[in-house]
Amino acid sequence: MTSNRWDDAYTRRARDEKWLARSVYKLQEIDNRFKLIKNGSRILDLCCYPGSWCQYALSKSGPGADVVGIDLKQPHQLSDSRFRFIQADVRSLETDRLAEEISPRDLIMSDLAPSTTGIWVVDESRSLALAGRAADIADVLLKTGGHFLCKAFEGEGLNQFKKEISGLFREVRLLRPKATRKRSREVYLIGCGRQERGTGRVHIGESRNSGFLQFCK
Ligand SMILES: C[S@@+](CC[C@H](N)C(=O)[O-])C[C@H]1O[C@@H](n2cnc3c(N)ncnc32)[C@H](O)[C@@H]1O
Numbered sequence: 000m001t002s003n004r005w006d007d008a009y010t011r012r013a014r015d016e017k018w019l020a021r022s023v024y025k026l027q028e029i030d031n032r033f034k035l036i037k038n039g040s041r042i043l044d045l046c047c048y049p050g051s052w053c054q055y056a057l058s059k060s061g062p063g064a065d066v067v068g069i070d071l072k073q074p075h076q077l078s079d080s081r082f083r084f085i086q087a088d089v090r091s092l093e094t095d096r097l098a099e100e101i102s103p104r105d106l107i108m109s110d111l112a113p114s115t116t117g118i119w120v121v122d123e124s125r126s127l128a129l130a131g132r133a134a135d136i137a138d139v140l141l142k143t144g145g146h147f148l149c150k151a152f153e154g155e156g157l158n159q160f161k162k163e164i165s166g167l168f169r170e171v172r173l174l175r176p177k178a179t180r181k182r183s184r185e186v187y188l189i190g191c192g193r194q195e196r197g198t199g200r201v202h203i204g205e206s207r208n209s210g211f212l213q214f215c216k
């Protein structure tokens, strides 16, 4: 990590502890609370650059780990035989093709952040569209009993989104980790225990633009 004007105690700590980004402390807090990562976990990180979440996942899941990262940018600093990277835009990724490439996952995590405009409704809608895309991928690739972790911006659409994914999981919780910057409106949704397949399939379809999901019976 290099220094810049946004540096804070978490940034300095991440640099000292050799993590690739300060956001590792958000995942660490969530994982300590919800026990998402276990020995040998198979994990998909939908926006892995610069790589601190994958680093943490690899450190927690031991020699049998299988971590796949996707991002627009390649995390060159991350080198580990248990890690594979796919350079792609998650919005246009073909989920069924991805499912042919990688085995079902124990954990799918998304720290996806849109480029922000400062216009709140636009940023919220873009964030929810990315979160919806992550949920769509999780619907196909998450094992029964697996977990889902996803960033979204606070706003009117968030409760709706939470409600819409709740059919997929035993429980859906919201958490704002301590390492979240004060001015940020991001929160994390944690979908614990993916229900048996067919319980409530999600698809984005036309809702990709609005960011809302629809359930198909
Ligand atoms: C907050 S960073 C992720 C940090 C990561 N969790 C870590 O700890 O290193 C958000 C990432 O989302 C990626 N991203 C944004 N939109 C994307 C898209 N449509 N497809 C793939 N990656 C995207 C960006 O390239 C950026 O690296």
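For reference, each letter of the sequence shown is one residue, going 0 to 216 in numbering that gives the first Met the number 0. Note that the Cβ used here is the ideal one computed from N, Cα and C, for glycine as well.
query, result
"Environment of Ala8 [buried if 16+ CB atoms lie within 10 Å]", "exposed"
"At least 3 beta-carbon pairs within less than 8 Å: the segment 21 to 29 vs the segment 174 to 181", "yes"
"Beta strand (DSSP E) segment containing Leu188, residue limits", "185 to 193"
"Between the CA atoms of Asp15 and His146 - distance to the nearest angstrom", "30 Å"
"Three-way DSSP call (helix, strand, coil) for Gly39 in this model", "coil"
"Neighbour-count burial assignment, Lys150, 16 or more Cβ in a 10 Å radius", "buried"
"Any non-hydrogen atom of ligand 3 within 7 Å of Cys46 CB", "Here the bound small molecules are ligand 1; ligand 3 is not part of this structure."
"Paired residues, beta bridge with Ala151 - DSSP", "Val186"
"Residues of its chain near Lys17, where Cβ-Cβ distance is below 7 Å and the 5 sequence neighbours each way are ignored", "none"
"Residue burial classification, Leu71 (beta-carbon count within 10 angstroms, cutoff 16)", "exposed"
"Rounded Cβ spacing between Leu106 and Ser40 (contact assumed at less than 8 Å)", "6 Å"
"Backbone secondary structure at Arg207 - three-state DSSP", "In this prediction, Arg207 has a pLDDT of 34, which is less than 50 and means its spatial position is unreliable; nothing more can be read from the coordinates."
"Meets three-Cβ-pair contact criterion under 8 Å: the segment 69 to 84 and the segment 27 to 38", "no"
"Heavy atom of ligand 1 within 7 Å of Ile69 beta-carbon", "yes"
"For Ile107, the first and last residue of its enclosing beta strand (DSSP E)", "104 to 109"
"Member of Glu100, Ser91, Gly50, Ala56 whose CA lies at the smallest distance from the CA of Leu219", "Lying outside 0 to 216, the shown extent of the chain, residue 219 is not represented and no answer is given."
"DSSP state of Arg169 mapped onto helix, strand, coil", "strand"
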